[in-house]
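Numbering (our numbering), first residue to last: 2 to 224.
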């Protein structure tokens, strides 16, 4: 059995739609939703779909709390605004059975603008070539490997970057299909070009060695 872990914070506008779209992939799997202190209806929505646990606010803290509560042998970490195509969970099991220590899904943004196709292509190229995965790509791995890594680093931003680096040190990782679908809401809210350039800037500075704490302050300023 696999455990699907989703951190949430005030996601009432999109959560029900996301979880409904995930239903076909939840058969025989465990769903854990980790709330970081929502003040809206997120928790009551989540309770209709799966097990809700509570933790301190912060994505890394919430992901680690979800992993601690999980009972599955495989852990799949998703964001609150993504969903999986049919066959995704079977593909995870196949990848791990074939010797990969973990990986993520090919991304597809849920929007029709032509720039989304460019962003998808760039994200999938980066993930495939560098084997560095963002959280919205749906990182997966065996529970035993999660314990070896020690969980997600407790940093305010880009916790998945350090985590995927640590995962690569354990063995080969992979980018798999079926795709993970990502809501276009953040590009719609912040502007497609501006949001994309901001994301690329933060990622570049991370690779240049800027600390996650400084990056979090910068991200709050430019978003």
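Yeah, the Cβ is synthetic: ideal placement off N, Cα and C, and Gly gets one too.
Residue i versus residue j: straight-line alpha-carbon distance, rounded
i           : j           : result
residue 101 : residue 194 : 35 angstroms
residue 96  : residue 104 : 8 angstroms
residue 125 : residue 197 : 14 angstroms
residue 149 : residue 141 : 14 angstroms
residue 168 : residue 120 : 25 angstroms
residue 201 : residue 63  : 25 angstroms
residue 143 : residue 106 : 15 angstroms
residue 154 : residue 166 : 11 angstroms
residue 82  : residue 76  : 18 angstroms
residue 111 : residue 190 : 14 angstroms
residue 122 : residue 224 : 23 angstroms
residue 206 : residue 199 : 11 angstroms
residue 48  : residue 79  : 17 angstroms
residue 184 : residue 156 : 24 angstroms
residue 99  : residue 41  : 42 angstroms
residue 210 : residue 138 : 23 angstroms
residue 33  : residue 127 : 29 angstroms
residue 38  : residue 46  : 14 angstroms
residue 109 : residue 208 : 24 angstroms
Contact set for residue i: own chain, Cβ-Cβ below 8 angstroms, skip 5 residues either direction
i           : result
residue 158 : 203, 213, 216, 217, 220
residue 31  : 2, 3, 4, 5, 51, 52, 71, 72, 73
residue 54  : 33, 34, 35, 36, 66, 67, 70
Own chain residues within Cβ distance below 7 angstroms of residue i, not counting five before or after
i           : result
residue 129 : 176
residue 43  : 9, 11, 12, 13, 16, 36
residue 152 : 65, 68
residue 222 : none
Own chain partners of residue i with C-beta closer than 6 angstroms, once the 5 adjacent residues on each side are dropped
i          : result
residue 84 : 19, 22, 23, 182
residue 86 : 179, 180
Per DSSP, cross-strand counterpart(s) of residue i
i           : result
residue 77  : 5, 141
residue 108 : 181
residue 206 : Looking at the DSSP assignment, residue 206 forms no beta bridge with any residue, so it has no partner.
residue 31  : 4
residue 55  : 36
Member of the options whose CA lies at the smallest distance from the CA of residue i
i           : options           : result
residue 192 : 116, 43, 152      : 116
residue 170 : 146, 51, 139, 53  : 146
residue 186 : 206, 113, 179     : 113
residue 1   : 223, 26, 211, 38  : Only positions 2 to 224 of the chain appear in the structure, and residue 1 is not among them; the question remains open.
residue 178 : 208, 188, 91      : 91
residue 188 : 209, 139, 118     : 118
residue 89  : 209, 208, 210, 28 : 28
Minimum Cβ-Cβ distance from residue i to chain C less than 7 angstroms
i          : result
residue 17 : Absence of chain C from the displayed structure is noted, only one protein chain being present.
At a cut of 8 angstroms, does the segment 166-185 reach the segment 209-222 through at least three beta carbon pairs? no
For the pair the segment 133-140 and the segment 158-170, tell me if three or more CB-CB distances fall below 8 angstroms. Contact annotation: the segment 133-140 touches the segment 158-170, with at least three C-beta pairs closer than 8 angstroms.
I want to know whether the segment 2-12 touches the segment 51-71 - three or more CB-CB distances under 8 angstroms. yes
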